[in-house]
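Colleague:
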Amino acid sequence: MKRFTTVLALAGTLAFLVAVALTVVDIALRSVSEHTVPGLTDIVTLCTMIGALLAIPYGFVQGEHVAIDVFVSRLSPGGQRACAVFSAFLGTVLLSAIGWFGFNQMITEWGYGDRSQSIGIPMVVYWLPLVFGVIVAALTNFWLLYRHASGKNGDAQ
Numbered sequence: 001m002k003r004f005t006t007v008l009a010l011a012g013t014l015a016f017l018v019a020v021a022l023t024v025v026d027i028a029l030r031s032v033s034e035h036t037v038p039g040l041t042d043i044v045t046l047c048t049m050i051g052a053l054l055a056i057p058y059g060f061v062q063g064e065h066v067a068i069d070v071f072v073s074r075l076s077p078g079g080q081r082a083c084a085v086f087s088a089f090l091g092t093v094l095l096s097a098i099g100w101f102g103f104n105q106m107i108t109e110w111g112y113g114d115r116s117q118s119i120g121i122p123m124v125v126y127w128l129p130l131v132f133g134v135i136v137a138a139l140t141n142f143w144l145l146y147r148h149a150s151g152k153n154g155d156a157q
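Counting in full-length UniProt numbering, the sequence shown runs from 1 upward without gaps.
1) Mapping the DSSP letters down to three states, classify Ala-156 as helix, strand or coil.
2) Rounding to the nearest angstrom, what Cα-Cα distance links Val-20 and Pro-38 in this structure?
3) From the DSSP output, in three-state form, read off Arg-115 for me.
4) Which word fits Val-24, buried or exposed, when buried means at least 16 other C-beta atoms lie within 10 angstroms of its C-beta?
5) Please classify Pro-122: does DSSP put it in a helix, a strand, or coil?
6) Do you know how far the Cα of Thr-108 is from the Cα of Gln-117?
7) In its own chain, which residues sit with a C-beta less than 8 Å from the C-beta of Phe-16, not counting the 5 before and 5 after it?
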């Protein structure tokens, strides 16, 4: 799981780099000419969605998600484990619900045939990284739930 989420996070980072590079090119073009990168806003928005949503599962696997350490660190090891199990359970349920409702909305958008305003990217393409990212994050939380509940420690390969 660790390798898989690392690859996803690297792909997300690449999407961020594409957004930054295109923005720099657009600024440079505007500085020396009247040309711009067509559809820059659409492309940067899509790259940002891809980057953010592919990185979320990595954050869960690495334990870098938001936690209240001041509270949890004062608990006994059993209490910490119970909090980890509960957190992974809630993450699984919440992210599964987001994935389900996101998938349904994506299908609705597909049926409408909506497109972005500047270069006409189908809106369903914007929903794909959201649905994929939260489903992978839900599966990651389910995997963490199993690991915490079974007491498995060590490297999360």
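Beta carbons are placed, not taken as given, at the ideal position from N, Cα and C, and that holds for glycine.
Modeller: If we stick to the structure as given:
1) Any reading at Ala-156 must be qualified, since the residue scores a pLDDT of 48, below 50, and its modelled position is unreliable; no value is offered.
2) 15 Å
3) strand
4) exposed
5) strand
6) 18 Å
7) Cys-47, Thr-48 and Gly-51
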